[in-house]
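First the structure, in the form of structure tokens, and then the observations on it.
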Ligand code: DGL
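Residue numbers (the working numbering): 2 to 283.
Structural data, given as structure tokens:
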């Protein structure tokens with residue numbers, strides 16, 4: 002037994018898709034989520050800058066909160082920083098890219114796989130390398146989808162505007178006739194209906210969230226993982242944002258379908274203006 006919480010972070014609200022999967026698979030675990038809304042979107046930023054944000058958030062979760070594992074619930078941050086974070090802290094660090102690749106390879110019947118993600122994720126080549134490593138025979142088509150994250154953060158998940166953008170940005174994966182499409186950004190499952198309408202019913206949409214939750218469970222069960230003491234308090238969820246609390250609560254509630262009244266702000270790194278200490282969880 003290890004009563005410490007699991008720490009999870011993303012640039013904003015997207016990582017809540019991973020929180021949902023963790024709650025389903027590990028309902029008794031305490032979770033601390035940080036949405037770095039003050040600095041989103043990560044996708045268009047240089048990978049070095051995203052790596053710095055990921056290090057700051059991981060350091061906060063490990064050293065200030067005292068988590069037993071860190072889940073990088075952001076593809077862009079996973080692409081930019083996963084190996085550095087693993088070198089840096091002694092607790093397990095789980096990213097979303099390898100789990101996502103495993104899930105989409107399992108879902109594809111014909112070996113024609115698509116991945117959509119941010120400019121940073123697709124440009125990093127992380128998916129291309131991971132697919133080549135696991136299944137070099139697969140035909141992979143990647144497409145960056147700048148703008149999708151901003152629509153989700155505004156709570157616009159099936160407007161005409163997002164549909165028009167999706168028609169344009171998904172054209173490469175449609176033309177490649179992929180049979181399985183990985184939503185390689187944790188914000189994108191909130192756009193699943195629009196993406197599915199554009200891709201057609203024969204294309205299986207795959208999220209990395211569930212497979213990531215299984216990987217977290219495996220990492221915690223690993224006898225080599227450093228252990229703590231005590232018991233989790235039984236599924237306490239602490240949701241924090243570095244940005245505007247009202248927007249985080251309102252959009253988070255719209256996207257998740259549950260209230261985020263107990264969400265609070267957090268200052269990462271300390272000294273950034275406009276935020277104060279974390280409050281209590283849900
Ligand atoms: N959810 C992040 C990801 O998975 C979005 C990055 C962004 O803020 O652009 O890549």
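All C-beta atoms, glycine included, are put in the ideal place defined by N, C-alpha and C.
Since this is a predicted model, take the numbers as computed values, not measurements.
For residue 197, the uninterrupted alpha helix (DSSP H) run begins and ends at 193 to 200, by DSSP. The alpha carbon of residue 182 has as its nearest neighbour, out of 204, 157, 247, the alpha carbon of 204. If you check the CB distance, residue 243 and residue 22 do not come in under 8 Å.
Residue 100 counts as buried, since no fewer than 16 other beta carbons sit within 10 angstroms of its beta carbon. The straight-line gap separating the alpha-carbon atoms of residue 221 and residue 72 is approximately 12 Å. Between residue 161 and residue 195, the alpha-carbon positions lie close to 9 Å from each other.
In the structure shown, residue 139 adopts coil according to DSSP, grouped into three states.
Secondary-structure assignment with DSSP links residue 238 through a beta bridge to 32. Shown here, residue 160 sits in coil according to DSSP, grouped into three states, outside any helix or strand. Taking all protein chains in view, the Cβ of residue 79 is crowded by 16 or more other Cβ atoms within 10 Å, so the residue is classified as buried. When DSSP reads this structure, residue 11 sits in a beta bridge with 36.
Listed in chain order, the non-local C-beta contacts of residue 111 below 6 Å within the same chain comprise 180, local neighbours out to five positions each way being set aside.
Residue pairing from DSSP places residue 115 in a beta bridge opposite 142, 182. With fewer than 16 other Cβ atoms from the protein chains shown falling within 10 Å of its own Cβ, residue 176 counts as exposed.
Between the segment 26 to 39 and the segment 222 to 234, the count of Cβ pairs shorter than 8 Å is three or higher; the stretches touch. Annotation for residue 70: the continuous beta strand (DSSP E) segment containing it runs 70 to 73. With contacts defined by Cβ atoms closer than 8 Å, residue 207 and residue 97 do not form a contacting pair. Remark: the shortest separation between the CB of residue 150 and any heavy atom of the ligand DGL falls under 7 Å. Bridge pairing for residue 248: absent [DSSP]. A straight-line Cα-Cα distance of about 37 Å links residue 264 and residue 201. Contact between residue 81 and residue 102 fails: their C-beta atoms lie close to 17 Å from each other, not under 8 Å.
Out of 144, 87, 125, the CA that lies nearest to the CA of residue 114 is found in 144. Residue burial annotation: residue 84 is exposed, with fewer than 16 other C-beta atoms found within 10 angstroms of its C-beta.
In this structure, residue 36 and residue 249 form a Cβ contact; the two beta carbons are roughly 6 Å apart against a cut-off of 8 Å.
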